[in-house]
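All residue numbers for the sequence shown refer to my numbering, where the first residue is 205 and numbers rise by one. Presented below is the structure to which this report refers.
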Amino acid sequence: MAAHLVVSLSGIGSDTLDRCADLAGALDRRHVPLSLLLAPRKAVPGAVPDWVRTRVAAGDALVLHGFDHAADPTHRAVSLRRRAEFSALPAHEAGLRLVAARAGLQRLGLATDLFAPPSWLASPGTLVALRRHRFAVCADMAGVRDLRTGDVRPGRVRMAVDHWSHLLAVGRSARRGGLVRLGVDAASLDRLAPVLLEAVDLALHHGAAPTTYRANPSPLGSTTTSTPSGAVPVRTR
């Protein structure tokens, strides 16, 4: 199986937007699209949704990252106990939060059927709610789930860290033809953007094909996707 490369960017906000744009430009020069993990608490009118719309129209993928401000376990003020509660979230409550989060995006002219849970942990109830609300993909810690077919493409998400073992793991995964998932938080780009780009270059060197969570390469290598009503169509690469 050919290796695929997905690069995700979280923590997109008005205070990090310049660094996000710099990273996107560096990846454009490598012909690598981004999966943009947008938290609802960051989705406020202004430069952020405008930039996201521009990037999606050019081929990036928009991924709903979490729910609302108060319940989003990626927020620094939320304890580990709250994160554990999120990983056990029942379907009904998850569904209510999904509806509210989607409505917030739609008010900004954004739409997606892709989801990545906070801290990459999705409860069984969250997966049920995602299917009920016609989400197509859930990218969690262990892999990428096609919610329409039940297929799971295994592949651990590797957040950029300044350590030699990070590059070794990326190289091994790419050589084996796996799904190489690289992630970085925008708040860390000043320090970790060079590390991320080095990992991207290594994966490309080993023949990994750049893609996004929109394309969701299945265990059989399929890249067939659908576009939700009201969403900006996204090219797969």
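C-beta: ideal position from N, C-alpha, C; glycine also. In this text the structure is predicted, and so the values were computed from the model without any measurement.
(request) Ignore the nearest five residues each way along the sequence and tell me which others in V388's own chain have a CB closer than 7 Å to its CB. (result) If you number the sequence shown from 1, residue 388 lands on position 184. Closer than 7 Å at the Cβ level, and outside the excluded window around V388, lie L213, M363, A364, L396 and L400.
(message) For the beta strand (DSSP E) containing A265, name the first residue and the last one.
(response) Working through the sequence shown from its first residue, we reach residue 265 at position 61. First-last of the beta strand (DSSP E) with A265: A265 to H269.
(request) Could you give the DSSP three-state label for G229: helix, strand or coil? (result) Position 25 of the sequence shown holds residue 229. Here G229 sits in helix by DSSP.
(request) Could you tell me the distance, in whole angstroms, from the CA atom of R234 to the CA atom of H296? (result) Taking the first residue of the sequence shown as position 1, residue 234 is located at position 30. Taking the first residue of the sequence shown as position 1, residue 296 is located at position 92. Spanning the two alpha carbons is a distance of roughly 42 Å.
(message) Tell me which residues share the same chain as V267 and place their Cβ nearer than 6 Å to its Cβ, disregarding the 5 neighbours each side in the sequence.
(response) The count along the sequence shown starts at 1 and reaches residue 267 at position 63. Within the same chain, V267 has close Cβ partners S239, L241, L318, A320 and Y417.
(request) Report the rounded CA-to-CA distance for V404 versus A307, giving the unit in angstroms. (result) On the sequence shown, position 200 is the one that residue 404 refers to. On the sequence shown, position 103 is the one that residue 307 refers to. Distance between the alpha carbons of V404 and A307: 34 Å.
(request) Look at the Cβ atom of A292, then the Cβ atom of S323, and state whether they are nearer than 9 Å. (result) Within the sequence shown, residue 292 is the residue found at index 88, counting from 1. Within the sequence shown, residue 323 is the residue found at index 119, counting from 1. In this structure, S323 does not lie closer than 9 Å to A292 by Cβ.
(request) Indicate whether the contact test is met: 3 or more Cβ pairs, each with one atom in the region 405 to 416 and one in the region 217 to 237, closer than 8 Å. (result) yes
(request) Could you check which residue in L300, G217 and D254 has the C-alpha nearest to that of L314? (result) Reading the sequence shown from its first residue, position 110 is the one you call residue 314. Ranking L300, G217 and D254 by Cα distance to L314 puts D254 first.
(message) Just verifying my parser: in three-state terms, what is the DSSP assignment at L293?
(response) Taking the sequence shown and counting its residues from 1, one reaches residue 293 at position 89. Looking at L293 - three-state DSSP - the assignment turns out to be coil, as it is neither helix nor strand.
(message) In the DSSP assignment, the beta strand (DSSP E) including S214 goes from what residue to what residue?
(response) Position 10 of the sequence shown, counted from the first residue, corresponds to residue 214. Where S214 is concerned, the enclosing beta strand (DSSP E) stretches over H208 to S214.
(request) Kindly indicate which residue of A228, H409 and V332 has the alpha-carbon position closest to the one of V374. (result) Taking the sequence shown and counting its residues from 1, one reaches residue 374 at position 170. Closest by alpha carbon: H409.
(message) Among the candidates V356, D394 and M345, whose CA atom is the shortest distance from the CA of L386?
(response) Indexing the sequence shown from 1 puts residue 386 at position 182. Checked all of V356, D394 and M345; the closest Cα to L386 is M345.
(message) Quick check on this structure: which residue in E402, A391 and P358 has the alpha carbon closest to the alpha carbon of R223?
(response) Residue mapping note: residue 223 aligns to position 19 of the sequence shown, counting from 1. Nearest C-alpha to R223: A391.
(message) When you compare the CB of P294 with every CB in chain B, is at least one pair closer than 9 Å?
(response) Checking the listed chains, one finds no chain B in this structure; it contains a single protein chain.
(message) Let me check understanding here. Comparing Cα to Cα, which of V256, L325, G382 and A343 lies closest to A206?
(response) Here residue 206 corresponds to residue number 2 of the sequence shown, with the count starting at 1. Answer by Cα proximity: G382.
(request) Starting from R329, trace the alpha helix (DSSP H) both ways and give me its first and last residue. (result) In the sequence shown, counting from the first residue as 1, residue 329 sits at position 125. The question names Arg, but residue 329 is Gly in the sequence shown. Run containing G329: P328 to R336, per the alpha helix (DSSP H) assignment.
(message) For I216, count the other beta carbons within 10 Å of its own beta carbon; 16 or more makes it buried, fewer makes it exposed. Which is it?
(response) If you number the sequence shown from 1, residue 216 lands on position 12. By the 10 Å Cβ count, I216 comes out buried.
(message) Once DSSP output is grouped into helix, strand and coil, what is the label at G347?
(response) The sequence position of residue 347 within the sequence shown is 143, counting from 1. Looking at G347 - three-state DSSP - the assignment turns out to be strand.
(message) Quick check: the Cα distance between L221 and S377, rounded to an integer number of angstroms?
(response) Counting from one through the sequence shown, the residue named residue 221 turns up at place 17. Counting from one through the sequence shown, the residue named residue 377 turns up at place 173. So the two alpha carbons sit approximately 30 Å from each other.
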